[in-house]
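Right, one structure below, let's go through it.
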Amino acid sequence: MSELLLTGISQLATPLGQGSRRGAAMGQLQIVERARVAIDAGVISWIGPEYEWSGNAESVVDLGGRAVVPGLIDPHTHAVWGGDRLIDFEARSAGATYEEILAAGGGIWHTIRETADKSSEEMAELALPRIQALQRSGATTIEVKSGYGYTLEAELRMLEAIRLLQKRTLSRLVPTLLVHICPEGFTERQAYREMVCNELIPEVAGRGLASAVDIFVERHAWSAEDARIVLACAQTAGLSIKLHTEQFQQVGGLELGVEMEALSVDHLEICSVEQCRLVARSKTIATILPGVSLHLGLPAAPGRALIDAGAAVAIGTDLNPGSSPLFSTSAAMGLAVRLNGLTAPEALTASTANAAAALGLSNVGRLEVGMQADFLVLESSDWRDLPYTLGQNMVREVWVAGRKQAA
Ligand code: NIG
Ligand code: FE
């Protein structure tokens with residue numbers, strides 16, 4: 001006897017296999033027409049076509065002839081921030097570039113000034129509606145980065161804010177320590193790096209405040225040499241690693257990430273064909289962020305070339321005030337089809353199974369027996385309406401661990 005049986009599923013679409021690689025595998029979904037799903041203790045206990053079901057259930061929920069897909073996984077957000085970046089938005093529309101604004105002490109520095117003085121409670125209050133927006137758009141697992149605290153104390157407060165947020169949402173939050181930007185000057189940079197390695201990372205690891213360390217490798221941020229030191233400290237402390245890299249300049253971040261077996265290399269707007277092949281030969285996930293290309297007018301990351309080379313691609317919103325004010329994980333998926341050349345099935349895999357792999361998770365991202373019952377009921381009877389529709393939410397219901405979330 002199952003606890004719960006879902007009926008009235010017109011079509012169930014799920015990727016097969018975690019961290020799927022190559023065009024064929026990434027685009028190969030399992031589609032079950034007229035499906036049923038049984039759930040026990042928040043986990044999928046049976047799944048298949050309705051004519052094969054012969055069990056019993058304590059309660060039955062009829063989904064009314066709608067399509068079901070796995071809950072989306074947003075593997076890259078900066079959902080905690082203070083203030084706004086409307087000044088940058090205006091300056092950029094008048095011709096200034098993101099890099100120029102950052103180099104002049106604005107951009108990320110501006111957001112740090114608006115965030116770092118807040119208490120963790122204030123930070124959580126600012127972020128909660130953003131987490132709720134991502135959840136309404138279909139995200140049942142959401143990675144959230146620090147990185148706007150800058151000082152030891154404020155970075156810890158940001159991660160504590162994510163811990164507070166986890167108590168206020170049923171979506172699963174995955175906190176990441178982001179080593180974002182660095183001071184000018186060799187000595188200052190070295191001192192900051194030592195603070196990160198000797199104080200921040202050990203404290204974060206010791207208190208379980210993050211599961212990974214991310215670093216922004218860029219001309220106006222960290223060099224690959226500095227990143228190597230910081231990421232080695234993270235690994236010594238037992239944390240996974242990720243990189244923001246190949247966004248504006250090629251300064252060695254992607255190669256470092258692959259060499260150090262990062263969970264993911266993220267951005268990749270200027271990733272070359274040779275670099276696509278390098279990622280494809282590794283276990284590292286290539287996380288693309290189409291909202292950044294749209295908002296900053298950057299080239300789109302070569303999603304098609306990455307998949308054709310054999311890389312496992314994931315999609316994130318990169319929700320943040322400066323480079324991607326995109327509050328919808330399903331819109332990120334739809335944009336990846338238009339901007340990055342993914343097929344709709346590849347985009348579903350990239351926003352579910354592969355995004356789970358980018359976070360080192362193996363119990364979410366697919367609808368199979370034994371996986372968490374995290375899934376979406378769509379407004380449509382055809383799952384393809386999710387990446388197809390723009391500007392209207394096609395997610396009708398969001399379920400996490402077998403529980404329907406309040407709208
Ligand atoms: O993923 N590139 C660096 N970090 C963020 C943007 C942060 C910001 O502009 O506030 C990103 O694009
Ligand atoms: Fe980012």
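262 is the number that UniProt numbering gives to position 262 of the sequence shown; each next residue is one higher, with no gaps. Ideal placement from N, C-alpha and C gives every residue a C-beta, glycine not left out. As the structure is a prediction and not an experimental result, all values here were calculated from the model.
Pairwise C-alpha distance: residue j and residue i
i      : j      : result
Pro70  : Leu29  : 12 Å
Arg304 : Gly341 : 5 Å
Leu339 : Gly185 : 38 Å
Ser328 : Gly252 : 31 Å
Glu259 : Leu102 : 29 Å
Tyr192 : Val217 : 15 Å
Glu121 : Trp81  : 12 Å
Lys118 : Lys145 : 16 Å
Gly370 : Asn363 : 8 Å
Leu306 : Glu153 : 39 Å
Asp382 : Thr352 : 17 Å
Gly391 : Leu326 : 12 Å
Arg168 : Asp374 : 17 Å
Ser293 : Leu359 : 22 Å
Assumed close pair residue i, residue j - CB separation to whole angstroms, cut-off 8 Å
i      : j      : result
Glu269 : Leu298 : 5 Å
Gly48  : Arg36  : 7 Å
Leu159 : Leu173 : Leu159 to Leu173, Cβ: 11 Å. No contact.
Ala210 : Lys242 : Contact doesn't hold; Cβ gap of about 11 Å is too wide.
Val279 : Ala234 : With 8 Å as the limit, Val279 and Ala234 do not qualify as a contact, their Cβ atoms being about 20 Å apart.
Leu378 : Val395 : 6 Å
Ala314 : Ala347 : Rounded, the Cβ-Cβ distance is 10 Å, inconsistent with contact.
Leu289 : Asp318 : 4 Å
Leu4   : Val61  : 7 Å
Residue burial classification, residue i (beta-carbon count within 10 angstroms, cutoff 16)
i      : result
Gln275 : buried
Met1   : exposed
Ile142 : buried
Glu246 : buried
Arg157 : buried
Thr236 : exposed
Gln372 : buried
Ser93  : exposed
Ile31  : exposed
Leu72  : buried
Ser330 : buried
Ala406 : exposed
Pro129 : exposed
Ala205 : buried
Arg66  : buried
Asn320 : buried
Gly95  : exposed
Ala232 : exposed
Coil, strand or helix - residue i by DSSP
i           : result
Gly391      : coil
Ala67       : strand
Glu397      : strand
Thr140      : strand
Gln372      : strand
Ile270      : coil
His180      : coil
His244      : strand
Gln135      : helix
Asn354      : helix
Phe216      : strand
Arg403      : strand
Ala154      : helix
residue 408 : Because residue 408 is not part of the residues shown, which for the chain are 1 to 407, the question remains open.
Leu294      : helix
Trp109      : helix
Given residue i as reference, the closest of the options once Cα atoms are compared
i      : options                        : result
Gly291 : Arg168, Ala332, His220, Ile241 : Ala332
His180 : Lys167, Tyr148, Ala210, Trp399 : Tyr148
Cys197 : Leu239, Ala353, Glu218, Ala38  : Leu239
Val398 : Leu134, Glu58, Glu33, Ala91    : Leu134
Cys271 : Ala262, Ala300, Arg281         : Ala300
Phe248 : Ala373, Asp266, Ile241, Thr352 : Asp266
His295 : Leu63, Ile9, Leu86             : Leu86
Trp222 : Leu209, Pro183, Ala210, Arg207 : Pro183
Glu33  : Asp40, Glu50, Gly42, Ala25     : Glu50
Gly83  : Glu52, Gly138, Gly322, Arg219  : Gly322
Gly365 : Ser324, Thr140, Leu319, Leu200 : Thr140
Thr77  : Asp88, Leu348, Ile162, Ala57   : Ile162
Ala356 : Arg113, Thr343, Thr284, Leu386 : Thr284
Val213 : Pro175, Thr187, Glu199         : Pro175
Ser264 : Gly402, Ile108, His244         : His244
Ile215 : Val204, Ala104, Ala227         : Ala227
Glu199 : Arg189, Thr151, Leu165, Glu225 : Thr151
Arg277 : Arg21, Ser10, Thr14, Pro15     : Arg21
Pro15  : Lys404, Asn393, Tyr388, Asn354 : Asn354
Asp385 : Ala344, Leu367, Lys404         : Ala344
Gly17  : Leu367, Gly138, His220         : Leu367
Gln190 : Gln166, Ser171, Glu225         : Glu225
Cutoff 9 Å: residue i Cβ touching any chain C Cβ
i      : result
Leu359 : Here chain C cannot be found, since the structure has a single protein chain.
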